[in-house]
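Notes for the one structure printed next.
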RNA sequence: GCGCCCGUAGCUCAGCCGGAUAGAGCAACGGAUUUCUAAUCCGUCGGUCGGGUGUUCGAGUCACCCCGGGCGCGCCA
């Protein structure tokens, strides 16, 4: 199904051809409602190219443009913009078509790609914390959207399960472990022994050396240490799974760093053999002397002591994803500090001849009220579990207040949808690169650009249908008369124009902002236009509009990984 | 020293490929409710887009310089 934007772009292209002008400029949504619904700067661009007066060029185009019954006659405005205003009948017709469309107008891609999306990546023996929220939530949303477009998506959790932290964890396990605590709350106990060991090792060089030895033993295959490692991995994975269940996050594969162990020597060998890597100060490095930005920043792929590091693992990971998984596209979602690292990794991959489309999708940080990285009072990372539990508890409190008569199971379900949705939406409604200040009150507010506000719009729609006793609408003709109806319907038609924009630069906030506008527009409509009490044909038409709005809200939020309750 | 990201209303933030008089939300103030959930809606107030120079018909957006904040830069991940 074509959007108004693509339909009008074609009409414009036809007009340019008829006027013997090259195709130029673009047709975009109007920057302001005063200018109608769509605008084009084609005349401005052409006038510049040809040294003519823009308004004259615009008039020339206007003489050839035939918008049929889509729009009112287009007009020239300002320095030479051409403005298009949709006719209510055309909007009504399109909305009726959308009602019949499962995909709500969003067309599938014609060039399906195989995309590995790497996001989340928590560390074993450490709790998931607030720092994992952005990568996890953003990566999941992008995966959902890519999938919706028909791409083949492989969600990969690149778990940190082989790092140097294991030296300390194993030392702690052997010397400090309390079995009962481990049974009660495994992650807390792992964290305790890790922290305590860390403290000791900073004070006592002999402890530090002992930790290093434990790590070396593990990495060289010591059975006891490997068994401790395995137990830690299993305990942590259980912890991750609980968080993912609550967050409704799913992975197709979870290839931790350890998965790549036996591939690392071959990676270094290969890079040395091909001349891409060389030995420098005892370490194996890749230099990028021809790239000014990286000229003085070599990438170490084997340490002087013969050990491998995360760069080695990441090169092996690229190999695996392209050669074994047959990916043609790799998206890696991590915080901005890793920009340099992945520039190097991707550059190495290109030099090795890989043609895949590599994207490092970076994001900013979540800050506390003090505008510094969000931490607990004692300075630790805020555990994810506590964060999510509190979100649900706070949401529960609000539900209790507003709707005390609901059953207990309903309240729990609703609180979870609102609480988790609020955390996710607070993140996704913002441009990914900017740091943002975490605020319970703001994200759980019923007013403003929040998940509960959007969910409430959906709930109001469901409420209408419960009252009507009708599950869905069965009409093929809408009658749009009131401004609030027309505006809502136009917005609904834009869903298919907005969703593709998200993948343009990986900005789910574009979709979030659209959904906020939609919810706002729906609320305005709701205030201005009675549905069930109005006369036919308005009643059926408005019911259909509600149906469509509910489905777009539900689908849009689903693409962001957010659920909608039926009541709240 | 080199590099990356950010700087927009009192606060929190949108403004992708340069387009018209820079937009929301919150807060503040003023209105609307015998209602399909007022958990909402409508209105008012509020900005030399950090500063400067340049590119051009046009710059919050691009280039260069400066200021301020955050982060990263050979053996942690």
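In the working numbering, the protein residues as written are 34 to 601.
All residues carry an ideal CB built from backbone N, CA and C; glycine is no exception.
This one's a predicted model, so the numbers in the text were calculated from it and none came from an experiment.
Bridge partner(s) assigned by DSSP for residue i
i           : result
residue 313 : 316
residue 332 : 319
residue 187 : 149
residue 469 : 399
residue 294 : DSSP, once it has assigned bridges, lists no residue as partnering residue 294.
residue 156 : 193
residue 19  : The structure shown does not extend to residue 19, since the chain is modelled only from 34 to 601, so the question has no answer here.
Nearest to residue i (by Cα), restricted to the options the options
i           : options               : result
residue 326 : 38, 380, 447 and 316  : 380
residue 143 : 376, 533, 244 and 261 : 533
residue 77  : 481, 100, 91 and 64   : 91
residue 650 : 40, 81, 281 and 137   : Lying before the first or after the last residue shown, residue 650 is absent from the chain, which here runs from 34 to 601.
residue 169 : 185, 157, 191 and 510 : 191
residue 588 : 436, 287, 545 and 188 : 545
residue 2   : 128, 231 and 557      : The structure shown has nothing for residue 2, since the chain only spans 34 to 601.
residue 124 : 518, 550 and 543      : 518
residue 547 : 558, 364, 529 and 557 : 529
residue 225 : 367, 568 and 206      : 206
residue 295 : 374, 236, 62 and 195  : 195
residue 176 : 151, 193, 166 and 404 : 151
residue 356 : 430, 388 and 551      : 388
residue 501 : 479, 354, 566 and 461 : 566
residue 393 : 217, 383 and 375      : 375
residue 86  : 304, 268, 103 and 112 : 112
residue 440 : 155, 285 and 600      : 600
residue 583 : 132, 322 and 570      : 132
residue 40  : 361, 241 and 104      : 104
residue 522 : 549, 554, 538 and 495 : 554
residue 95  : 84, 73 and 83         : 73
residue 32  : 36, 68 and 82         : Look at the range of the chain in this structure, 34 to 601, and you will see that residue 32 is not part of it.
residue 466 : 577, 578 and 366      : 366
residue 46  : 346, 202, 147 and 99  : 99
residue 216 : 268, 227 and 257      : 268
residue 202 : 180, 240 and 236      : 240
residue 360 : 149, 110, 107 and 474 : 149
residue 188 : 285, 562 and 452      : 285
residue 450 : 106, 487, 556 and 557 : 487
residue 378 : 397, 347 and 353      : 347
Contact belief for residue i with residue j at Cβ below 8 Å, rounded distance in angstroms
i           : j           : result
residue 251 : residue 134 : Not quite, the Cβ-Cβ distance comes to about 55 Å (not below 8 Å), so this is no contact.
residue 200 : residue 259 : So it is not a contact: roughly 13 Å between Cβ atoms.
residue 318 : residue 157 : So it is not a contact: roughly 28 Å between Cβ atoms.
residue 220 : residue 160 : 5 Å
residue 293 : residue 349 : 4 Å
residue 399 : residue 166 : 6 Å
residue 60  : residue 42  : 4 Å
residue 193 : residue 234 : Contact doesn't hold; Cβ gap of about 19 Å is too wide.
residue 489 : residue 462 : Not a contact, Cβ separation roughly 15 Å.
residue 417 : residue 184 : That pair is no contact at about 28 Å.
residue 452 : residue 424 : 4 Å
residue 118 : residue 70  : 6 Å
residue 564 : residue 579 : 6 Å
residue 477 : residue 431 : 7 Å
Neighbourhood of residue i by C-beta, 7 Å cutoff - its chain only, sequence neighbours within 5 removed
i           : result
residue 595 : 454, 457, 458 and 484
residue 243 : 204
residue 129 : 509, 510 and 511
residue 316 : 333, 335, 336 and 337
residue 308 : none
residue 97  : 48, 51 and 52
residue 80  : 86, 87, 90 and 113
residue 304 : 310, 319 and 334
residue 407 : 163, 399, 400, 401, 415 and 471
Close Cβ partners of residue i (< 8 Å) along its chain, the five nearest in sequence each way excluded
i           : result
residue 178 : 532, 535, 536, 541, 544 and 592
residue 102 : 120, 122 and 123
Contacting residues, own chain, Cβ-Cβ under 6 Å from residue i (five flanking each side not counted)
i           : result
residue 421 : 279
residue 301 : 317, 334 and 335
residue 173 : 282 and 594
residue 272 : 220
Residue i beta carbon near the ligand ZN (any heavy atom closer than 8 Å)
i          : result
residue 39 : For the structure depicted, the ligand ZN is absent and the ligand set is empty, with no information on it obtainable.
Next on the checklist: Just to confirm the assignment: which complete beta strand (DSSP E) runs, minimum length 3, are found wholly within the region 35 to 85?
Outcome noted: Runs of the beta strand (DSSP E) lying entirely within the region 35 to 85, each at least 3 residues long, are 60 to 62 and 71 to 73 in chain order.
Item to check | Complete runs of the alpha helix (DSSP H) confined to the region 194 to 280 [at least 4 residues] | outcome: Runs of alpha helix (DSSP H) with 4 or more residues, each lying fully within the region 194 to 280, are found at 198 to 209, 212 to 217, 219 to 236, 238 to 252 and 256 to 280, listed in chain order.
Next on the checklist: To test your reading of the DSSP string, which unbroken beta strand (DSSP E) runs of 3 or more residues are found completely within the region 349 to 434?
Outcome noted: Complete beta strand (DSSP E) runs here, min 3: 362 to 368 and 390 to 396.
Checklist entry - What alpha helix (DSSP H) runs, 4 residues minimum, are completely inside the region 535 to 583? => result DSSP runs (the alpha helix (DSSP H)) wholly in the region 535 to 583: 541 to 561.
Item to check | Whole alpha helix (DSSP H) elements within the region 480 to 512, 4-residue minimum | outcome: Segments of the alpha helix (DSSP H) lying fully in the region 480 to 512: 484 to 501.
Next on the checklist: So within the region 101 to 142, which uninterrupted beta strand (DSSP E) runs reach at least 3 residues, ignoring any that extend past its ends?
Outcome noted: If only uninterrupted beta strand (DSSP E) runs of at least 3 residues are considered, those enclosed by the region 101 to 142 are 108 to 110 and 114 to 117.
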